[in-house]
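See structure below.
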Amino acid sequence: MAVERRRHWLRWPRRLVLMLGLLLLGPMVVLAFGDLDLQTHWRDAEFRSVGMAPRPGDFAPALVQVYGARAYHWRGAFGIHTWITAKRAGADRYTVYQVIGWNLRRGRSTVSVSHTETPDVTWYGAEPDLLLERRGPDAGRLIEAIEAAVAAYPYAAEYRVWPGPNSNTFTAFVARRVPELGLDLPPTAIGKDYLAGGNLFGSMPSGSGWQVSVLGLLGIGVAWEEGVELNLLGLSAGLDFNDLALRLPGLGRIVPSNPPP
7 MAVERRRHWL RWPRRLVLML GLLLLGPMVV LAFGDLDLQT HWRDAEFRSV GMAPRPGDFA
67 PALVQVYGAR AYHWRGAFGI HTWITAKRAG ADRYTVYQVI GWNLRRGRST VSVSHTETPD
127 VTWYGAEPDL LLERRGPDAG RLIEAIEAAV AAYPYAAEYR VWPGPNSNTF TAFVARRVPE
187 LGLDLPPTAI GKDYLAGGNL FGSMPSGSGW QVSVLGLLGI GVAWEEGVEL NLLGLSAGLD
247 FNDLALRLPG LGRIVPSNPP P
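The sequence shown lines up with residues 7 to 267 when you count with our numbering.
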């Protein structure tokens, strides 16, 4: 009987190792075959507009957008960097909200608030994806709530690439404080499951469901927007029933060629 119990408990470490190996397949595929720039030094990396944000002079209504681009160098095989942009009605520039870890080396807050006409720039050469967009009066009402959430972010003096708090922790924190955004962060946004204050229970970033998370390292979430998502050591995988999409580590959201209407 004791031998059987010992064998039973030995199976769990093996299963966890096997599961972790499967989760790492996605990042390894991206590293081997993805469009990652592993040669350019960060000092020489390109920051240029990709034309997804209308120029303020050509677009008067309020606008909120959320972007995500592959992280610099090999880290991009695992995750993305995200940022939030907002423009009030009639404003001549966007406000960009993001967390930048190296600000700490200069004795500054990790929370960066800047102003620009081109918020849709590449991140160290990686082209961004538009994760969310809200236009018009609805966007104008959201901006006040976004600003309040940014001011309340609790990790302005703390940063860890993994498992958080990092740039995705920040974006997810703002999204949880402003559930009207309905932001569905992809599984490549590592750090999004790092709940503020060490909480074990909280809402999913979209505000359409709930999750249990242990410091962003182990957890499960269920929501209308995100579907069902499991997290092991920051690597997330699941199934989005709303869009019939797979959510895979490294690869992100895999949507069928003919998604449901």
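For every residue, glycine included, the Cβ atom is placed at its ideal position computed from N, Cα and C. Computed from a prediction, not measured in an experiment: that's the story for all the values here.
Check                                                                                                             : Outcome
Short Cβ contact (9 Å threshold) for THR175 with ALA145                                                           : no
Inter-residue spacing [alpha-carbon to alpha-carbon] between ASP135 and ALA158                                    : 26 Å
Option nearest GLU153 by Cα separation, candidates GLY188, TYR103 and LEU42                                       : TYR103
Extent of the continuous alpha helix (DSSP H) run through ASP144                                                  : 143-158
Cβ distance (whole Å) where ALA68 is taken to contact ARG94 below 8 Å                                             : 5 Å
DSSP state of TRP230 mapped onto helix, strand, coil                                                              : coil
Residue(s) in a DSSP beta bridge with SER55                                                                       : VAL127
The alpha helix (DSSP H) enclosing VAL35, as first and last residue numbers                                       : 31-39
DSSP three-state assignment for LEU26, whether helix, strand or coil                                              : helix
Helix, strand or coil at PHE84 according to DSSP, with G and I counted as helix                                   : coil
Touching by the beta-carbon criterion (3+ pairs, under 8 Å), the stretch 38-51 and the stretch 65-83              : yes
Residues that DSSP places opposite VAL102 in a beta bridge                                                        : THR91 and SER120
Local Cβ density within 10 Å of HIS87, reported as buried at 16 or more and exposed below that                    : buried
LEU37 CB to nearest heavy atom of the ligand SAH below 8 Å                                                        : Judged by which ligands are present, the structure shown has none, so any question about the ligand SAH falls away.
Coarse secondary structure for THR223, derived from DSSP in three states                                          : Note that residue 223 is Leu in the sequence shown, not Thr. DSSP places LEU223 in coil when its eight states are reduced to three.
Which of helix, strand or coil DSSP assigns to ALA163                                                             : coil
Beta strand (DSSP E) segment containing ARG3, residue limits                                                      : In the structure displayed, the chain extends from 7 to 267; residue 3 sits before or after that span and is not available.
Residue closest to VAL56, alpha-carbon to alpha-carbon, out of GLY225, GLY74 and SER242                           : GLY74
Helix, strand or coil at ARG182 according to DSSP, with G and I counted as helix                                  : helix
SER173 beta carbon less than 9 Å from that of TRP48                                                               : no
Residues near GLU52 in its chain [Cβ-Cβ closer than 7 Å; skip 5 each side]                                        : THR128 and GLY131
Distance, PRO192 Cα to GLN71 Cα                                                                                   : 15 Å
DSSP beta-bridge partners of ALA243                                                                               : LEU236
Beta-carbon spacing of PRO185, LEU221 below 9 Å                                                                   : no
Delimiting residues of the beta strand (DSSP E) encompassing ILE260                                               : 258-260
Spatial neighbours of VAL228 in its chain, beta-carbon cut-off 7 Å, leaving aside the 5 residues before and after : GLY215, TRP216 and VAL234
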